[in-house]
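Participant: Positions in the sequence shown are counted from 1; adding 997 to them yields the numbering used here.
Cβ atoms here follow ideal geometry from the backbone N, Cα and C, with glycine treated the same way.
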Amino acid sequence: MAEDRPDVNQGSRTVSDNVTWVLTDGKAGTHNGALGLAEAVGLPVVDKHIHSALPWRWLPPLLWPKGVLGVGAGGDPLDPPWPRLVVSAGERSVGPALEIKRRAGDATFCVHIQHPRVDPARFDLVVVSAHDRLSGPNVRRTVGALHRVTRDILDDAAARFGPAFAHLPRPLVAVLIGGANRVYRFDGKTAERLADDLAAMARNTGCGLLITASRRTGAVNQALLREKLRDLPVEFWDGDGENPYFAFLALADALVVTGDSVNMVTEACYTGKPVHVFHLPGGARSKFAQFHEALAASGATRPFSGRLETWPSAALDERSPLADEIRGRLRNAGAGV
């Protein structure tokens, strides 16, 4: 990590070379991914929320003129000294990130996550999903989503929650349940199929179950799952107290994850344990389908159909190589990271 030192004044370009700004509009998926990558690089992180002013909120970044930051009331100020590193994510952050880059020049290294809808060469590095079909010398593709889960977080959660789940039999299977979205359905019939498959797996293997559901699962579906699994060794988080999600990832010997959340599946694959994907109805020819095909082809996941499978699997860690590359390029540019 760089040592604290005074801001470096490069003419009119004042740059603080030991800080990372994370620029997002606050949406959970993009925000967590940008923070996760920024934290992995190791510079102190300043989280900046973007709220675009009119008319820039309506105009694609390709049409923004030079000199416009486009930040309106309700967002965080973007004023010099400029950071050594910018990690931006999402469409709303493209215009401000590029203007910071224009004003700071080579003194600020700019990384954008997701397709920027402008020439990627305008950034120092662009990170996109493999299905985005964007290429270039400074474009890096990932199969999964970037996230904030780390080994330290998992180890801490395992130490704190482990005693509470020690009564459950092994193998221990974490079940991460999402729900309906714009691509997938999660109705009563689907919930019943999932419950029957989980029950069959538990009875055939004697495994214990750690189950967490989301708001999108729905109260009726959650009640159905609880009723179907009530006679089995299961801990079903009811939403009270601290969320044991990280502990479930850490303590499980294997995982079952519904396929509606790229983030949830990616975080499960980060553990390096067998990940079984329960596919919900829908999603054909979608980006979700391409994501699942790529993960299955890599050996990271298999479809779940009521059987607990084991196979050699490696942790899916696409964040560390990206952070290593960014640190190396910052060092080459004279920033101590």
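List the whole-angstrom C-beta distance separating Gly1141 from Glu1315, where the pair is believed to meet the contact cut-off of C-beta under 8 Å.
Facilitator: Contact flag correct, Cβ pair sits at about 6 Å.
Participant: With DSSP run on the structure shown, which of helix, strand or coil describes Thr1017?
Facilitator: Strand.
Participant: Within 10 angstroms of its Cβ, does Trp1053 collect 16 or more other Cβ (buried), or is it exposed?
Facilitator: It counts as buried.
Participant: Per DSSP, what are the beta-bridge partners of Tyr1267 in this structure?
Facilitator: Tyr1267 pairs with nothing; no bridge assigned.
Participant: Flag this pair as yes or no: are the beta carbons of Gly1067 and Pro1093 separated by less than 9 Å?
Facilitator: In contact: Gly1067 and Pro1093 (Cβ atoms closer than 9 Å).
Participant: What three-state label does DSSP hand Pro1318 in the structure shown?
Facilitator: Note: Pro1318 maps to helix in three-state DSSP.
Participant: Start and end of the beta strand (DSSP E) containing Gly1033?
Facilitator: Per DSSP, Gly1033 belongs to no beta strand (DSSP E); it is in the alpha helix (DSSP H), Ala1025 to Val1038.
Participant: So, under 8 Å CB-CB, Val1253 and Val1262 are touching, yes? Tell me the CB distance rounded to an integer number of Å.
Facilitator: Contact flag wrong, Cβ pair sits at about 11 Å.
Participant: Around the Cβ of Asn1329, are there at least 16 other Cβ atoms within 10 angstroms (buried) or fewer (exposed)?
Facilitator: Answer is exposed; the Cβ neighbour count stays below 16.
Participant: Taking the beta strand (DSSP E) that His1109 belongs to, which residues open and close that run?
Facilitator: Element bounds for His1109: Phe1106 to Ile1110.
Participant: I need the straight-line Cα distance from Leu1248 to Arg1081, nearest angstrom please.
Facilitator: So the alpha carbons of these two residues sit roughly 38 Å apart.
Participant: Looking at Gly1087 and Asn1260, is the spacing between their C-beta atoms short of 9 Å?
Facilitator: Result no, Cβ atoms of Asn1260 and Gly1087 do not sit closer than 9 Å.
Participant: Let me confirm a value: Val1217 is counted as buried when at least 16 other C-beta atoms fall within 10 Å, else exposed. Which label applies?
Facilitator: Exposed: under 16 other Cβ atoms inside 10 Å.
Participant: Exposed or buried, Trp1018, counting other C-beta atoms within 10 Å across all chains shown (16 or more means buried)?
Facilitator: It is buried - the Cβ of Trp1018 has at least 16 other Cβ atoms within 10 Å.
Participant: Whose C-beta lies closer than 7 Å to the C-beta of Phe1301 among residues of the same chain, with five residues either side of it excluded?
Facilitator: Only Asp1194, Val1253, His1273, Val1274 and Phe1275 meet the Cβ criterion.
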